[in-house]
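Position 208, counted from 1, in the sequence shown is what numbering that gives the first Met the number 0 calls 207; the numbers after and before it change by one each time, with no gaps. Glycine included, C-beta positions come from ideal geometry on N, C-alpha and C. Inspection log for the structure reproduced underneath, given as structure tokens.
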Amino acid sequence: MELFNVYPVTPINIVRAKGSIVWDEQGTEYLDLYGGHAVISIGHTHPHYVESITNQLNNIAFYSNSVLIPIQRRLSTLLGEVSGKNDFSLFLCNSGAEANENALKLASFHTGRKKVIAFSKSFHGRTSLAVAATDNPSIVAPVNQTDNVVFLPFNDEEALAEAFASYGNEIAAVIIEGIQGVGGIREASIPFLKLIRSLCDQYGSVFIADSVQCGYGRTGLFFSHDYAGVEADIYSMAKGMGNGFPIGGIIISPKFKASFGLLGTTFGGNHLACAAAVAVLEVIKQDNLLANAEAVGNYLIEELKKFDKVLEVRGRGLMIGIELPEELAQVKKDLLLKNKIFTGEAKPNVIRLLPALNMNKEMADRFLTAFDERLKA
Ligand code: PMP
Numbered sequence: 000m001e002l003f004n005v006y007p008v009t010p011i012n013i014v015r016a017k018g019s020i021v022w023d024e025q026g027t028e029y030l031d032l033y034g035g036h037a038v039i040s041i042g043h044t045h046p047h048y049v050e051s052i053t054n055q056l057n058n059i060a061f062y063s064n065s066v067l068i069p070i071q072r073r074l075s076t077l078l079g080e081v082s083g084k085n086d087f088s089l090f091l092c093n094s095g096a097e098a099n100e101n102a103l104k105l106a107s108f109h110t111g112r113k114k115v116i117a118f119s120k121s122f123h124g125r126t127s128l129a130v131a132a133t134d135n136p137s138i139v140a141p142v143n144q145t146d147n148v149v150f151l152p153f154n155d156e157e158a159l160a161e162a163f164a165s166y167g168n169e170i171a172a173v174i175i176e177g178i179q180g181v182g183g184i185r186e187a188s189i190p191f192l193k194l195i196r197s198l199c200d201q202y203g204s205v206f207i208a209d210s211v212q213c214g215y216g217r218t219g220l221f222f223s224h225d226y227a228g229v230e231a232d233i234y235s236m237a238k239g240m241g242n243g244f245p246i247g248g249i250i251i252s253p254k255f256k257a258s259f260g261l262l263g264t265t266f267g268g269n270h271l272a273c274a275a276a277v278a279v280l281e282v283i284k285q286d287n288l289l290a291n292a293e294a295v296g297n298y299l300i301e302e303l304k305k306f307d308k309v310l311e312v313r314g315r316g317l318m319i320g321i322e323l324p325e326e327l328a329q330v331k332k333d334l335l336l337k338n339k340i341f342t343g344e345a346k347p348n349v350i351r352l353l354p355a356l357n358m359n360k361e362m363a364d365r366f367l368t369a370f371d372e373r374l375k376a
């Protein structure tokens, strides 16, 4: 049977990993600064993570959400503590798309409205509402096409204010990534996020902070949107939450308690996924990984800005986009082929770094040396 894969596949068989290092079948070592697209948060095969999942597997892997699941409670307590959002409620699901799907559905249900504001170059997932709010018509099926989603230019305060002035009372939600990932590591501006907050307050709309890629400590803040000093109503999460184990979730402001009844799932919050997610948070907390992401990330960003050939360095903490002139787009491929370093890309000429949050300065230096070598070549 032919295996379907929508992504361009790198012909390397990765069979083993530890921390930010991965090995292929031949034993060749690679530095992983892609983290499986922002998924690897505490490093591959972290001993505490392996132990937590193994112990859980030996006790019980799954039972339904119709019973009390103590490890879910442990996860919600820990998440409240590490994120600082103790007064929010947690709903657990299985992926980023499902998290956004539920956030949008909840917003519509709660407000009784249909319109959603999303932004140019957004990516929110591939399920029906999530994909309808994603600015990529090539992945939207006719059944998902809807006039209910309006795309506005990213960071354009005037366009946003105009939209609310003309049909604000119909807007259920505004959904925005704090830093667009797939869209090329583009950060929402502080005035823009503040304006979203105040317009949502004024018109009774729901502010959804898609934190699937930029959240979970990646930028040095638990939720990247919070650098603007405003709080969203719902934060969606996935990727780094399980360090490779599929899990997603939304945390929801207490304002929406009355509408929680429409949220549900079979697998969401299963014991094994929770064991993975609890271990991730324990490591983030014990090893102070938010501070590490900020320190190593800022170091990388400042050093990268010193390269003449780099057009722009964007991002925050360990979510970094390096824009190169188009004729240097080959650098990303050569970093892998010649220097054995995995990175990601946004457009062919934007290198994306999304490493584990415990990546250290030596690894940053190894990347900077290799990057310098590639630019000189
Ligand atoms: N939101 C953002 C910002 C993402 O980057 C992604 C995945 N690239 C998603 C949502 C969808 O997540 P998933 O693939 O887990 O459904």
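Query raised in the report: By how many angstroms is the C-alpha of F118 removed from the C-alpha of I175?
Result: Within the sequence shown, the letter at position 176 stands for residue 175. Within the sequence shown, the letter at position 119 stands for residue 118. Distance between the alpha carbons of I175 and F118: 7 Å.
Query - Same chain only: Cβ atoms within 7 Å of P190, ignoring 5 sequence neighbours per side - result: One-based indexing of the sequence shown puts residue 190 at position 191. Closer than 7 Å at the Cβ level, and outside the excluded window around P190, lie E156.
Report task. Pull up the distance between the alpha-carbon of F122 and that of S63, whole angstroms please. Result -> Along the sequence shown, one-based indexing puts residue 122 at 123. Along the sequence shown, one-based indexing puts residue 63 at 64. Whole-angstrom Cα-Cα distance: 31 Å.
Query raised in the report: How about D209: is its Cβ closer than 8 Å to a heavy atom in the ligand PMP?
Result: Against the sequence shown, residue 209 aligns to sequence position 210. Yes, since a heavy atom of the ligand PMP falls inside the 8 Å radius drawn around the Cβ of D209.
Report task. For R365, collect the residues of the same chain with a Cβ closer than 8 Å to its Cβ; drop the 5 residues on either side in sequence, then sort them by chain order. Result -> Reading the sequence shown from its first residue, position 366 is the one you call residue 365. L30 and I340.
Query raised in the report: What separation, rounded to the nearest whole angstrom, lies between the Cα atoms of A140 and F306?
Result: Stepping through the sequence shown from its first residue, residue 140 is reached at position 141. Stepping through the sequence shown from its first residue, residue 306 is reached at position 307. Rounded to the nearest angstrom, the gap between the Cα atoms of A140 and F306 is 42 Å.
Query raised in the report: If you run the structure through DSSP and keep just helix, strand and coil, what is I184?
Result: As a working note, residue 184 is residue 185 in the sequence shown. Coil.
Requested in this report: Kindly indicate the opening and closing residues of the beta strand (DSSP E) around K17.
Outcome: The residue labelled residue 17 in the question sits at position 18 within the sequence shown. From DSSP, the beta strand (DSSP E) with K17 extends over I13 to K17.
**Report entry** beta strand (DSSP E) runs wholly inside the region 75 to 129, at least 3 long, in chain order
**Finding:** Every unbroken stretch of the beta strand (DSSP E) spanning 3 or more residues and falling wholly within the region 75 to 129 is given here in chain order: 88 to 92 and 114 to 118.
Query raised in the report: Quick one: is Y6 buried, meaning 16 or more other Cβ sit within 10 Å of its Cβ, or exposed?
Result: Taking the first residue of the sequence shown as 1, we reach residue 6 at position 7. The residue is exposed, with fewer than 16 neighbouring Cβ atoms inside 10 Å.
Query raised in the report: Just reading off the beta strand (DSSP E) that E311 is part of, what are its end residues?
Result: Counted from its first residue, the sequence shown places residue 311 at position 312. E311 to R315 is the span of the beta strand (DSSP E), which, as asked, contains E311.
Query raised in the report: Residues bridged to L151 by DSSP?
Result: Numbered from its first residue, the sequence shown carries residue 151 at position 152. L151 is bridged to F118.
Report task. For G180, collect the residues of the same chain with a Cβ closer than 6 Å to its Cβ; drop the 5 residues on either side in sequence, then sort them by chain order. Result -> The count along the sequence shown starts at 1 and reaches residue 180 at position 181. So the qualifying residues of the chain are Q212.
Requested in this report: Please check the pair A278 and Y48, which I expect to be a contact at CB under 8 Å, by giving their CB distance rounded to whole angstroms.
Outcome: Position 279 of the sequence shown, counted from the first residue, corresponds to residue 278. Position 49 of the sequence shown, counted from the first residue, corresponds to residue 48. With 8 Å as the limit, A278 and Y48 qualify as a contact, their Cβ atoms being about 4 Å apart.
Query raised in the report: Straight-line CA distance for E344 to M318?
Result: By 1-based counting over the sequence shown, the position of residue 344 is 345. By 1-based counting over the sequence shown, the position of residue 318 is 319. Rounded to whole angstroms, the gap between the alpha carbons of E344 and M318 is 12 Å.
Query - Inter-residue spacing [alpha-carbon to alpha-carbon] between A275 and L353 - result: On the sequence shown, residue 275 is found 276 positions in, with the first residue counted as 1. On the sequence shown, residue 353 is found 354 positions in, with the first residue counted as 1. Pairing A275 with L353, the inter-Cα distance amounts to about 20 Å.
Report task. For G79, collect the residues of the same chain with a Cβ closer than 6 Å to its Cβ; drop the 5 residues on either side in sequence, then sort them by chain order. Result -> Taking the sequence shown and counting its residues from 1, the one referred to as residue 79 is at position 80. Cβ neighbours of G79 beyond the five flanking positions: N85.
Query raised in the report: Going by other Cβ atoms of all chains shown within 10 Å of its Cβ, with 16 needed for buried, is N58 buried or exposed?
Result: What you label residue 58 is simply residue 59 of the sequence shown in a count that begins at 1. Exposed, because fewer than 16 other Cβ atoms sit within 10 Å of the Cβ of N58.
Query raised in the report: For I246, which of helix, strand or coil comes out of DSSP?
Result: For the purposes of this step, residue 246 is taken as the residue at position 247 of the sequence shown. Correct three-state label for I246: coil.
Query - Counterpart residues of A208 in DSSP-defined beta bridges - result: The residue labelled residue 208 in the question sits at position 209 within the sequence shown. Bridge partners of A208: I175 and Y234.
Query raised in the report: Quick one: complete alpha helix (DSSP H) runs, 4+ long, within the region 310 to 355?
Result: 329 to 338
Query raised in the report: Are the beta-carbon atoms of I207 and S235 separated by less than 9 Å?
Result: As a position in the sequence shown, residue 207 is number 208, starting the count at 1. As a position in the sequence shown, residue 235 is number 236, starting the count at 1. When the beta-carbon positions are compared, I207 and S235 come within less than 9 Å of each other.
Report task. State buried or exposed for S94, treating a residue as buried only when at least 16 other CB atoms are found within 10 Å of its CB. Result -> For the purposes of this step, residue 94 is taken as the residue at position 95 of the sequence shown. Classification for S94: buried.
Query raised in the report: Are there three or more Cβ pairs, one per stretch, closer than 8 Å when the region 242 to 253 is compared with the region 31 to 40?
Result: At 8 Å Cβ cutoff, the stretches touch.
Query raised in the report: Rounded to a whole number of angstroms, what is the C-alpha to C-alpha distance between L67 and V205?
Result: Here the question's residue 67 lines up with position 68 in the sequence shown. Here the question's residue 205 lines up with position 206 in the sequence shown. Straight-line Cα distance between these residues: approximately 30 Å.
Report task. Determine the closest residue to V148 out of E230, D134, E97 and L192, with distance taken between C-alpha atoms. Result -> As a first step, residue 148 must be located in the sequence shown, where it is residue number 149. Cα-wise, what sits closest to V148 is D134.
Query raised in the report: How about L105 and I249: are their beta carbons less than 9 Å apart?
Result: In the sequence shown, the residue the question calls residue 105 occupies position 106. In the sequence shown, the residue the question calls residue 249 occupies position 250. The answer is yes: Cβ separation under 9 Å.
Query raised in the report: By how many angstroms is the C-alpha of K17 removed from the C-alpha of L356?
Result: Taking the sequence shown and counting its residues from 1, one reaches residue 356 at position 357. Taking the sequence shown and counting its residues from 1, one reaches residue 17 at position 18. Distance between the alpha carbons of L356 and K17 is about 14 Å.
Query raised in the report: Which partner residues does V21 have in the DSSP bridge list?
Result: Counting from 1 along the sequence shown, the entry for residue 21 is found at position 22. DSSP, once it has assigned bridges, lists A16 and Y29 as partnering V21.
Query raised in the report: Is DSSP giving H270 helix, strand or coil here?
Result: Indexing the sequence shown from 1 puts residue 270 at position 271. For H270, the three-state secondary structure derived from DSSP is helix.
Query raised in the report: Can you name, in chain order, every residue of its own chain whose Cβ lies under 6 Å from the Cβ of L289, other than the five neighbours on each side?
Result: Counting from one through the sequence shown, the residue named residue 289 turns up at place 290. Correct list, in chain order: G216 and G219.
Report task. Return the CA-CA distance between N54 and I350, expressed in angstroms with no decimal places. Result -> By 1-based counting over the sequence shown, the position of residue 54 is 55. By 1-based counting over the sequence shown, the position of residue 350 is 351. So the alpha carbons of these two residues sit roughly 38 Å apart.
Query raised in the report: The alpha helix (DSSP H) spanning I59 covers which residue range?
Result: For the purposes of this step, residue 59 is taken as residue 60 along the sequence shown, with counting starting at 1. Taken as a continuous stretch (DSSP letters only), I59 belongs to no alpha helix (DSSP H), as it is neither H nor E.
Query raised in the report: With respect to the alpha helix (DSSP H) encompassing G296, which residues constitute its N-terminal and C-terminal limits?
Result: Indexing the sequence shown from 1 puts residue 296 at position 297. It spans L288 to L303 - the alpha helix (DSSP H) in which G296 sits, taken as one unbroken run.
Report task. Check whether the Cβ of E97 lies closer than 8 Å to any heavy atom of the ligand PMP, and answer yes or no. Result -> Residue 97 sits at position 98 when you count from the first residue of the sequence shown. Yes, the beta carbon of E97 sits closer than 8 Å to at least one heavy atom of the ligand PMP.
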